[in-house]
Amino acid sequence: MTPTTPLLADHVKQAKHSMDKAVDAVKREFSTVRTGKATTALLDLVRVEAYGSEMPLNQVANVAAPEPKLLTIQPWDKALLKAVEKAILASDLGLTPSNDGNLIRIPLPPLTEERRRELVKVVHKFAEEGRVAVRHARTEAISKIKKTEHVSEDEKKHTEKDVQKLHDDHLRQVDEAVKAKEAEIMEV
Numbered sequence: 002m003t004p005t006t007p008l009l010a011d012h013v014k015q016a017k018h019s020m021d022k023a024v025d026a027v028k029r030e031f032s033t034v035r036t037g038k039a040t041t042a043l044l045d046l047v048r049v050e051a052y053g054s055e056m057p058l059n060q061v062a063n064v065a066a067p068e069p070k071l072l073t074i075q076p077w078d079k080a081l082l083k084a085v086e087k088a089i090l091a092s093d094l095g096l097t098p099s100n101d102g103n104l105i106r107i108p109l110p111p112l113t114e115e116r117r118r119e120l121v122k123v124v125h126k127f128a129e130e131g132r133v134a135v136r137h138a139r140t141e142a143i144s145k146i147k148k149t150e151h152v153s154e155d156e157k158k159h160t161e162k163d164v165q166k167l168h169d170d171h172l173r174q175v176d177e178a179v180k181a182k183e184a185e186i187m188e189v
């Protein structure tokens with residue numbers, strides 16, 4: 002073994018870390034895509050104008066899903082009720098909040114077939130971004146492996162195959178997540 006072999010292992014480890022992050026990012030983005038069920042993650046990307054800056058909704062209010070088709074939002078500062086309501090209306094989630102002075106209720110209407118198809122397209126777009134990130138991590142790792150000095154060509158080829166296996170495994174994870182999310186969206 003040459004002394005630089007741990008360097009090859011580092012390249013593989015870095016590639017795996019980058020690919021894991023890409024898959025996690027895809028899954029996190031999927032959680033913000035609306036399905037038929039109420040989930041607090043649906044509002045994770047909503048930002049509220051509060052105290053002179055834009056803040057994530059979950060930092061200014063308690064978000065809950067007490068029923069399968071209902072979300073409730075209770076701002077910790079009642080003065081923010083209007084700002085929270087405005088932020089939800091401004092988001093592209095297609096939700097209509099109702100404000101009773103203490104609590105904001107968001108009933109989740111059933112998704113139309115057309116809206117379901119649009120959401121599936123959004124999921125596929127997120128997935129493709131994830132696939133591109135995984136491919137980029139592979140390309141970067143293989144480039145680093147090829148530039149590594151004092152290592153035999155056989156070791157480099159073997160390490161490149163390891164990176165390719167990681168790549169294939171992570172793409173499979175993205176595809177499985179897409180299938181699961183698609184099934185969840187299309188479920189009536």
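Numbering of the sequence shown is given in my numbering, commencing with residue 2 and proceeding in unit increments.
All C-beta atoms, glycine included, are put in the ideal place defined by N, C-alpha and C.
Residue i: first and last residue of the uninterrupted alpha helix (DSSP H) it sits in
i: R35; result: Taken as a continuous stretch (DSSP letters only), R35 belongs to no alpha helix (DSSP H), as it is neither H nor E.
Nearest residue (CA-CA) to residue i, options the options
i: R48; options: E161, E86 and R35; result: E86
i: I74; options: G95, S54, N100 and D11; result: N100
i: G95; options: L112, I105 and A84; result: L112
i: H137; options: L8, A23, T6 and L120; result: A23
i: D45; options: F127, A88, G53 and D11; result: A88
i: K28; options: L43, Q15 and R118; result: L43
i: D78; options: K147, A66 and L58; result: L58
i: E130; options: T6, F31 and T149; result: F31
i: E119; options: G53, H159, D25 and R35; result: R35
i: D93; options: P76, G53 and T33; result: T33
i: K14; options: E55, E161 and E115; result: E161
i: V179; options: E156, K147, K126 and H151; result: K126
Residue i to residue j span [Cα, whole Å]
i: N63; j: D21; result: 30 Å
i: A39; j: E141; result: 39 Å
i: L81; j: E68; result: 24 Å
i: M187; j: D170; result: 26 Å
i: E177; j: A128; result: 10 Å
i: T3; j: R132; result: Legend: pLDDT at T3 = 33, less than 50; position of this residue unreliable, value from coordinates given subsequently. T3 and R132: Cα-Cα distance of roughly 34 Å.
i: Q174; j: L167; result: 11 Å
i: A91; j: T6; result: 53 Å
Cβ shell of residue i (< 7 Å), same chain only, five flanking positions each side left out
i: K70; result: A39, P108 and L109
i: A66; result: A39, T40, T41 and L72
i: A184; result: none
i: Q60; result: none
Inter-residue CB distance, residue i and residue j (contact presumed, cutoff 8 Å)
i: V1; j: K182; result: With the chain covering only 2 through 189, there is no way to say anything about residue 1.
i: I143; j: V121; result: About 33 Å; that fails the 8 Å criterion.
i: A84; j: A51; result: 6 Å
Contacts around residue i, its chain only, beta-carbon distance under 6 Å, and the 5 residues preceding and following it disregarded
i: E154; result: none
i: K145; result: H12
i: T97; result: none
Host beta strand (DSSP E) of residue i (start-end)
i: A62; result: A62 to E68
i: S188; result: Reading off the sequence shown, one finds Glu at residue 188, where the question assumed Ser. First-last for E188: undefined, no H or E at that position.
i: V49; result: R48 to A51
i: L82; result: Segment L82 to A91 is the alpha helix (DSSP H) holding L82; no beta strand (DSSP E) there.
i: L72; result: L71 to P76
i: E55; result: S54 to P57
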